[in-house]
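Residue numbers (the working numbering), protein chains in the order written: chain A, 349 to 369; chain B, 2 to 287. Note that CB positions come from ideal geometry on N, CA and C, so glycine has one too. Since this is a predicted model, take the numbers as computed values, not measurements. Structure first, then comments.
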Amino acid sequence: LKEKHKILHRLLQNSTTPVDL
Amino acid sequence: PESADLRALAKHLYESYLKYFPLTKAKARAILSGKTSDSSPFVIHDMRSLSEGEQFINCRQIPPSLANQQQSDCGLLHPGDSAEEVEVRFFQRCQSRSAEAVREVTEFAKSIPGFMELDLNDQVTLLKYGVIEVLIIMMAPLMNKDGTLIAYGQIFMTREFLKSLRKPFCQMMEPKFEFSVKFNMLEMDDSDMALFLAVIILSGDRPGLLNVKPIEDLQETVLHSLELQLKMNHPDSLQLFAKVLQKMTDLRQLVSDHVHFIQLLKKTEVDICLHPLLQEIIRDLY
Chain A
349 LKEKHKILHR
359 LLQNSTTPVD
369 L
Chain B
2 PESADLRALA
12 KHLYESYLKY
22 FPLTKAKARA
32 ILSGKTSDSS
42 PFVIHDMRSL
52 SEGEQFINCR
62 QIPPSLANQQ
72 QSDCGLLHPG
82 DSAEEVEVRF
92 FQRCQSRSAE
102 AVREVTEFAK
112 SIPGFMELDL
122 NDQVTLLKYG
132 VIEVLIIMMA
142 PLMNKDGTLI
152 AYGQIFMTRE
162 FLKSLRKPFC
172 QMMEPKFEFS
182 VKFNMLEMDD
192 SDMALFLAVI
202 ILSGDRPGLL
212 NVKPIEDLQE
222 TVLHSLELQL
232 KMNHPDSLQL
242 FAKVLQKMTD
252 LRQLVSDHVH
262 FIQLLKKTEV
272 DICLHPLLQE
282 IIRDLY
């Protein structure tokens, strides 16, 4: 599941992840 | 002592809500009723005002490297375009704001006591299934029967204008207006909303959850806190807690219809490219 949701996963781990990738 | 804990939880979630969500219901209602010292929102009611209103849209800036790529991939265009092109460009802006809103909801979810201790896969599942429901609930305070605030309250877009767009764009917002007008009649305030959003996120019946028990335990505590909050904050509103919970059934249908519209857009609009974060969320959702 984490593999299919890499951005969500990153957002959960790191609040500074930009969403406009 | 138990109710003191529940009040502390309500206070904590309200503070998180204020921290992560820039446009509160209190502020939105003040803008909509003209009771604010800020200037009135710019009104978009036709294609011309949509083009004019774009300068008001305070979206997150797209990095130049990606902007060039999007210009070719998504058909990002300039003022003076056809109605079709303006509609597609507006949809792309909505997507950017939605992706930013997903980030805000994620930060709010992380602040729910116990959420970060859940299995990481389950955190992903709860967000995947909960985030659009949360966004629809958060849209309600921005709406009245005539239209909706967008761009952090800087713009008011009329319901009639949204209905005048071509299919399926014109069909996407009308169900949210119908829901919001009824939801707003419950007159929940921001502190109530904070608890309700946490209840939605902590739904133990999302498909594919690995460890349901701790999620249900967390949700039960937040539900108790919400029940107490509504009794104290709305002493004259009978059965408000039950009425609020009933809205969760409507939300699932709204999300399922919304995903259907997005999938339809992907098939029919060659110029549409879906934001990668939103793609992740709606893939295999319902």
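Confirm, please, whether the CB-CB distance from residue j to residue i is below 8 Å.
i, j, result
"K177(B)", "I202(B)", "no"
"V245(B)", "V223(B)", "no"
"S181(B)", "M140(B)", "yes"
"L279(B)", "Q96(B)", "yes"
"L154(B)", "P42(B)", "Checking the sequence shown, residue 154(B) turns out to be Gly, not Leu. In contact: G154(B) and P42(B) (Cβ atoms closer than 8 Å)."
"A195(B)", "S4(B)", "no"
"I45(B)", "I156(B)", "yes"
"A84(B)", "M48(B)", "yes"
Give me the Cβ distance between residue i and residue j, rounded to the nearest whole Å; I'm assuming they're in contact under 8 Å.
i, j, result
"L252(B)", "E134(B)", "4 Å"
"L121(B)", "K350(A)", "7 Å"
"I216(B)", "G205(B)", "4 Å"
"L360(A)", "Q220(B)", "No, L360(A) and Q220(B) are not in contact; Cβ-Cβ is about 18 Å, not under 8 Å."
"P169(B)", "A29(B)", "With a Cβ gap of about 27 Å, P169(B) and A29(B) do not count as contacting."
"L128(B)", "T149(B)", "L128(B) to T149(B), Cβ: 24 Å. No contact."
"L354(B)", "D193(B)", "Because chain B in this structure spans residues 2 to 287, residue 354(B) falls outside the shown range and cannot be described."
Taking 6 Å as the limit between beta carbons, can you name the residues of its chain near residue i, skipping five residues before and five after?
i, result
"L286(B)", "V260"
"T25(B)", "D191"
"L163(B)", "M174"
"L10(B)", "S226"
Return the chain-ordered list of same chain residues with a C-beta closer than 7 Å to the C-beta of residue i, the five sequence neighbours on each side being excluded.
i, result
"N145(B)", "L33"
"H225(B)", "L7"
"V89(B)", "G76, E270, D272, I273"
"I283(B)", "V260, I263"
"D147(B)", "T159, R160"
"D237(B)", "none"
What does DSSP give as the partner residues of residue i in its beta bridges?
i, result
"L150(B)", "F157(B)"
"N145(B)", "G148(B)"
"V132(B)", "Partner(s): none; V132(B) has no beta bridge."
"V44(B)", "F157(B)"
Within its chain, find whatever has a CB closer than 8 Å to the CB of residue i; leave out the 5 residues flanking it on each side and keep chain order.
i, result
"F22(B)", "E105, F109, M139"
"H357(A)", "K350"
**Study point:** Residues of the segment 120-138 of chain B with Cβ closer than 8 Å to any Cβ of chain A, in chain order
**Key:** L121, N122, Q124, V125, T126, L128, K129
Check your understanding: Residues in the segment 267-278 of chain B with C-beta within 7 Å of chain A's C-beta atoms, listed in sequence order?
Key -> P277, L278
Check your understanding: For the segment 183-215 of chain B, which residues have a beta carbon sitting closer than 8 Å to at least one beta carbon of chain A?
Key -> G209
Check your understanding: What residues in the segment 105-121 of chain B have a beta carbon less than 9 Å from any beta carbon of chain A?
Key -> T107, E108, A110, K111, M117, L121
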